[in-house]
Amino acid sequence: MAMAYHKEDRIYGNVPDTSARSVESKVRSDENRKVAAAESGIKRYRLAAVILGLFCVLQAALIIFLVVSLFSEKDALKRTNFDVEAGFKNLTEERDDLKKKLNNLDVEAGFKNLTEERDDLKKKLNNLGQGGWEYFRGSFYYSSSVKKTWQESRDDCLQKGADLVIINSKEEQNFTIKFEKRLWIGLTDSETEGTWKWVDGTPLTKSYWVSGEPNDEYGEDCVEIRYFDSENNWNDVSCSIPLNWICEMKVRP
Ligand code: BGC
Ligand code: CA
4 MAMAYHKEDR IYGNVPDTSA RSVESKVRSD ENRKVAAAES GIKRYRLAAV
54 ILGLFCVLQA ALIIFLVVSL FSEKDALKRT NFDVEAGFKN LTEERDDLKK
104 KLNNLDVEAG FKNLTEERDD LKKKLNNLGQ GGWEYFRGSF YYSSSVKKTW
154 QESRDDCLQK GADLVIINSK EEQNFTIKFE KRLWIGLTDS ETEGTWKWVD
204 GTPLTKSYWV SGEPNDEYGE DCVEIRYFDS ENNWNDVSCS IPLNWICEMK
254 VRP
């Protein structure tokens, strides 16, 4: 019975004073706990707000720093670009200057060459006039008045700044006839028997052999103009016999 009574007391609040106080204090302590919890929540929020604020300030500072850095870098780049442009301009001017100088040098060198060439030609012309040379189609020709072997004849031509004649055309061939002398020309097969070469090393293409020549009759490696009544007037003959000769000096290629 006593147990049932206490139970009903608790249910209907019909309890002794001590119990009511304890409930009241429990409620208060709950409220206090709630208030404390709320305050602690507010504190946490404040802390979070402060941290967030600090973070924002830091971020703003970082942004400002970055913007300032960017601008100063831009300025530095501008200055560098300006320097590069100035350097490029200088280099371009220097290059143009050097080009001009090079051109002048070329002109000077060309002028020097031309002057030397002119003096050379003057000397040659003087020698030619005095030495009995005759001009025909771009070359001067000299026919000797003495007789020598083929090699001695060639040496004489070389010493005169010429060489034994090289016959490149029908006209030139006919021009040689008019001297009416047996003349050495600049053709030989002394290197390889049967392979005729001009003194400038070019092979024989068009020839004017007397019929039956070349026959190498006595070991004949050099060529003479033998007859004066025919266009075909070449004969191979021993290089060691003394004959007149004809030198050619080209004045145009
Ligand atoms: C021959 C030539 C030969 C010459 C030598 C002539 O009678 O026909 O082939 O080269 O004599 O002098
Ligand atoms: Ca012969």
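Using this note's numbering, the first residue of the sequence shown is number 4, and each one after it goes up by one. For glycine and all other residues, C-beta sits at the position ideal for the given N, C-alpha and C.
The beta carbon of VAL226 sits no closer than 6 Å to any heavy atom of ligand 1.
When the beta-carbon positions are compared, SER146 and LYS253 stay at least 7 Å from each other.
In this structure, VAL110 has its beta carbon at no less than 6 Å from each heavy atom of ligand 1. Contact check for PRO217 against LYS151 fails: the beta carbons are separated by 7 Å or more.
Sequence-distant partners of ILE249 (beyond 5 residues in either direction) whose C-beta falls short of 8 Å from its own C-beta, in its chain, are TYR144, TYR145, SER146, SER147, LEU167, VAL168, THR179, PHE182, LEU186, TRP187, ILE188 and ILE228. Shortest gap from the CB of GLU137 to any heavy atom of ligand 2: 6 Å or more.
Put simply, the backbone Cα of LYS173 is about 19 Å away from that of ASP239.
The chain-ordered list of residues whose CB is nearer than 6 Å to some heavy atom of ligand 2 reads GLU216, PRO217, ASN218, GLU220, GLU223, ASN238, ASP239 and VAL240. Comparing alpha-carbon positions, the option among ARG49, SER193, VAL60 and TRP212 lying closest to GLY204 turns out to be SER193.
Counting C-beta atoms within 10 angstroms of its own C-beta, ILE170 has 16 or more neighbours from the protein chains shown and is therefore classed as buried. In chain order, LEU190, THR191, ASP192, PRO206, LEU207, SER210, PRO217 and VAL226 place their CB closer than 8 Å to the CB of TRP199, counting only its own chain and leaving out the 5 sequence neighbours on each side. The shortest CA-to-CA distance from VAL213 to any of TRP201, GLN176 and THR195 is the one to GLN176.
Under the three-state reduction of DSSP output, LYS77 falls in the helix class. Rounded to the nearest angstrom, the gap between the Cα atoms of SER25 and ASP33 is 12 Å.
For PHE178, the enclosing alpha helix (DSSP H) covers residues 173-180. If you draw a 10 Å sphere on the C-beta of ARG157, you find 16 or more other C-beta atoms in it, and that means buried. The C-alpha of ARG47 lies about 41 Å from the C-alpha of SER75.
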